[in-house]
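**Q** Before I ask anything, let me first share the structure, which is written out below as structure tokens.
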Amino acid sequence: MTEITVTDIGALRSSFAGEILTSDDGRRYDEARAVFNAMFDRRPGAIARASCDGDVVAAILVAQSARMPMAVRAGGHSVAGYSTIDDGLLLDLRPMAKIELDASARTVRVGPGVTWGQLDAATQIHGLATTGGRMTTTGVAGFVLGSGSGWLERLHGWACDNLLSARLVTADGRVVTTSESENPELFWGLRGGGGNFGVVTEFELRVHPIGPMIYGGMLLYPREQAPELCRNLRDFSAELPREIAVGCVFLTAPPAPFVPPELHGRPAFAVFAAWFGDPAEGPDALSALREFRTPAVDLLAPIPYQQLQALTDAGNPPGRRNYWHSDLFSDLADETIDALVERANTATSPASVMIVARSGGAVADVPEDATPLSGRTAPWFYHCYGIWTEGEDAQHIGWVRETAASLRPWTVTGMPLNFFTDVDDDRVRSTFGEKKYQRLVALKDRYDPENFFRRNQNVRPSAG
0 MTEITVTDIG
10 ALRSSFAGEI
20 LTSDDGRRYD
30 EARAVFNAMF
40 DRRPGAIARA
50 SCDGDVVAAI
60 LVAQSARMPM
70 AVRAGGHSVA
80 GYSTIDDGLL
90 LDLRPMAKIE
100 LDASARTVRV
110 GPGVTWGQLD
120 AATQIHGLAT
130 TGGRMTTTGV
140 AGFVLGSGSG
150 WLERLHGWAC
160 DNLLSARLVT
170 ADGRVVTTSE
180 SENPELFWGL
190 RGGGGNFGVV
200 TEFELRVHPI
210 GPMIYGGMLL
220 YPREQAPELC
230 RNLRDFSAEL
240 PREIAVGCVF
250 LTAPPAPFVP
260 PELHGRPAFA
270 VFAAWFGDPA
280 EGPDALSALR
290 EFRTPAVDLL
300 APIPYQQLQA
310 LTDAGNPPGR
320 RNYWHSDLFS
330 DLADETIDAL
340 VERANTATSP
350 ASVMIVARSG
360 GAVADVPEDA
370 TPLSGRTAPW
380 FYHCYGIWTE
390 GEDAQHIGWV
400 RETAASLRPW
410 TVTGMPLNFF
420 TDVDDDRVRS
430 TFGEKKYQRL
440 VALKDRYDPE
450 NFFRRNQNVR
460 PSAG
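If you want it as structure tokens, here you go:
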């Protein structure tokens with residue numbers, strides 16, 4: 000493919016209703032091209048800020064005609080850098096941010112530019128929510144298409160399990176609607192197959208009675224207590240009601256007012272938990288966590304669901320450098336816990352974290368062949384997030400890679416692809432499994448045989 004030219008931009012302006020930015024637009028161009036992961040500081044030849052389906056069609060057709068590369072940005076949270084591009088066309092969907100809630104039917108229609116913070120704000124007015132990102136700045140679009148792991152997954156499944164229908168524009172400019180009854184095979188592929196088949200311009204999601212108040216929060220401890228606390232968390236989770244979401248984080252204690260001064264800047268261990276039943280029952284439901292060891296900080300309390308969703312925001316601001324790796328555990332054995340603690344204690348940046356969380360419940364209820372995703376029966380997963388602003392990239396990336404290698408003896412395949420900075424063909428194939436991968440290839444052959452949409456966790460068409 001070729002780089003974008005002045006002629007290409009002129010052709011796009013003639014058929015595009017939204018705003019088009021180039022480097023001549025200075026600060027506004029720089030603000031529009033910035034993404035969550037600062038490792039990807041790219042300069043698109045033009046940024047087309049779509050306002051409607053027609054703009055998406057126009058951008059795709061012009062890019063196809065000019066043989067120019069195109070990236071698609073929704074929330075801009077792609078840790079692998081898929082939502083930006085050098086020299087080519089960046090299709091920015093953020094202006095398409097409508098939210099239409101039908102509270103009586105418990106459904107919501109969402110534009111691709113919506114973030115989870117925006118969606119939660121709209122649905123929580125009516126005490127409704129669906130499984131969403133654990134950062135409010137995460138975009139709905141890439142999250143749903145890639146799987147969608149969140150606080151509510153044990154109770155209501157992944158985000159993609161709550162997708163009822165989607166409208167998308169294909170590589171040849173057609174607008175297609177998908178659901179269980181309309182283009183069902185494409186609908187199957189969208190629930191975990193990512194952005195391989197087109198640009199989704201509307202999501203219809205199922206929402207559930209949640210909040211607006213729930214019971215949950217964080218318990219914080221010195222890192223030295225991590226081995227025994229992690230074992231207690233595992234034992235607590237053995238027979239876990241679906242109304243409980245729980246996990247732990249190896250982190251550096253922030254210099255926040257609620258943290259004792261002696262812990263500021265020190266390695267720490269946090270237990271995060273939420274109870275989605277009657278908030279009055281929360282203290283009893285989570286008592287085995289709180290009473291095991293006296294925490295340095297106890298923030299378990301009745302809180303708004305939106306506050307729970309924002310708990311990790313402060314530690315994950317945009318503009319830092321990020322390198323991530325995640326995997327599934329078939330169990331959380333003592334030797335696995337010891338390896339986790341050892342690797343956490345060697346972190347090369349105070350901003351880096353390791354997260355271990357309980358899955359299962361409604362995630363495991365979904366039949367294995369109902370979506371492209373695998374690994375649904377794995378009870379635990381971990382995230383290793385290298386996050387930094389200072390130092391050499393190689394040092395911090397090396398820590399994440401060495402952690403992945405150290406934990407590999409206890410992992411199983413199937414971790415959804417949204418949680419990786421490096422995704423090669425082998426990982427895509429192994430994540431889906433060969434049978435599902437070939438089914439995705441058949442969809443790719445039908446909807447994108449030339450692999451126009453390839454800036455993603457790519458499923459290659461059979462033509463290569």
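Counting in numbering that gives the first Met the number 0, the sequence shown runs from 0 upward without gaps. Cβ coordinates follow ideal geometry from the N, Cα and C atoms, glycine included. Every value quoted in this text rests on a predicted model; they were computed, and no experiment measured them.
Name, in chain order, the residues that DSSP records as bridge partners for I19.
**A** DSSP, once it has assigned bridges, lists A47 as partnering I19.
**Q** Under three-state DSSP, which class holds F275?
**A** Coil.
**Q** Enumerate in chain order the residues of its own chain whose CB-to-CB distance from S405 is below 8 Å, with the five nearest sequence positions on each side excluded.
**A** Taken in chain order, the residues that qualify are A338, E341, R342.
**Q** Within the continuous beta strand (DSSP E) that includes R357, where are the two ends?
**A** Per DSSP, R357 belongs to the beta strand (DSSP E) from 352 to 357.
**Q** With 16 other CB atoms within 10 Å as the buried threshold, where does I457 fall?
**A** According to the sequence provided, residue 457 is Asn. The question's Ile does not apply to it. With 16 or more other Cβ atoms within 10 Å, it is buried.
**Q** Which of the three DSSP states, helix, strand or coil, is assigned to V56?
**A** In the structure shown, V56 sits in a helix (DSSP, three-state: H, G or I).
**Q** Based on the DSSP output, what are the partners of S429 in its beta bridges?
**A** Note: S429 sits in no beta bridge, so no partner.
**Q** Going by alpha carbons, who is nearest to A332 out of T370, C229, V270, R241?
**A** Nearest of T370, C229, V270, R241 to A332, Cα basis: C229.
**Q** If the criterion is Cβ atoms closer than 8 Å, does the pair G9 and V34 meet it?
**A** No.
**Q** DSSP state of D91, grouped into three classes?
**A** The answer is strand: DSSP assigns D91 an E or B state.
**Q** Do you know how far the Cα of R105 is from the Cα of A272?
**A** About 26 Å.
**Q** Which residues mark the beginning and the end of the alpha helix (DSSP H) in which P282 is found?
**A** Counting along the chain, the alpha helix (DSSP H) containing P282 begins and ends at 281 to 284.
**Q** Helix, strand or coil: how does DSSP classify G74 here?
**A** In the structure shown, G74 sits in coil (DSSP, three-state: anything other than H, G, I, E or B).
**Q** Pick out whichever of A121, Y446, E401, G194 has its Cα sitting closest to the Cα of A73.
**A** Checking every option, the nearest Cα to that of A73 belongs to G194.
**Q** Tell me which residue opens and which closes the beta strand (DSSP E) that E334 is part of.
**A** Looking at the DSSP string, E334 is not in any beta strand (DSSP E); the run it does join, the alpha helix (DSSP H), is 333 to 343.
**Q** Helix, strand or coil for G314 per DSSP?
**A** It is coil, neither helix nor strand.
**Q** Shortest alpha-carbon distance to V61 belongs to which of Q394, A403, F15?
**A** Here the closest residue by C-alpha is F15.
**Q** How long is the line joining the alpha carbons of S373 and A79, rounded to whole angstroms?
**A** Taking the straight line joining both Cα atoms gives about 21 Å.
**Q** So what's A255 in DSSP terms, helix, strand or just coil?
**A** Coil.
**Q** Spatial neighbours of A346 within its chain, please: C-beta separation below 7 Å, excluding the five flanking residues on both sides.
**A** These residues qualify, in order along the chain: W398.
**Q** Entirely within the region 132 to 167 and at least 3 residues each: give me those beta strand (DSSP E) ranges in chain order.
**A** With a minimum length of 3 residues, no continuous beta strand (DSSP E) run stays inside the region 132 to 167.
**Q** Can you give me the Cβ contacts of P278 inside the same chain, cut-off strictly under 8 Å, excluding the 5 residues immediately before and after it?
**A** Answer for P278: M212, I213, Y214, P301, listed in chain order.
**Q** Can you tell me which residues form a DSSP beta bridge with V199?
**A** V199 is bridged to L167.
**Q** Using the C-alpha atoms, what's the distance from G246 back to L288?
**A** Distance between the alpha carbons of L288 and G246: 11 Å.
**Q** Check whether the Cβ atoms of I84 and A65 sit closer than 8 Å, and answer yes or no.
**A** No, the Cβ-Cβ distance between I84 and A65 is not below 8 Å.
**Q** Hey, R133 and Q306: beta-carbon distance below 8 Å or not?
**A** Result no, Cβ atoms of R133 and Q306 do not sit closer than 8 Å.
**Q** Quick check on the DSSP output: the beta strand (DSSP E) that includes P211 runs from which residue to which?
**A** Where P211 is concerned, there is no enclosing beta strand (DSSP E), given that its DSSP letter is neither H nor E.
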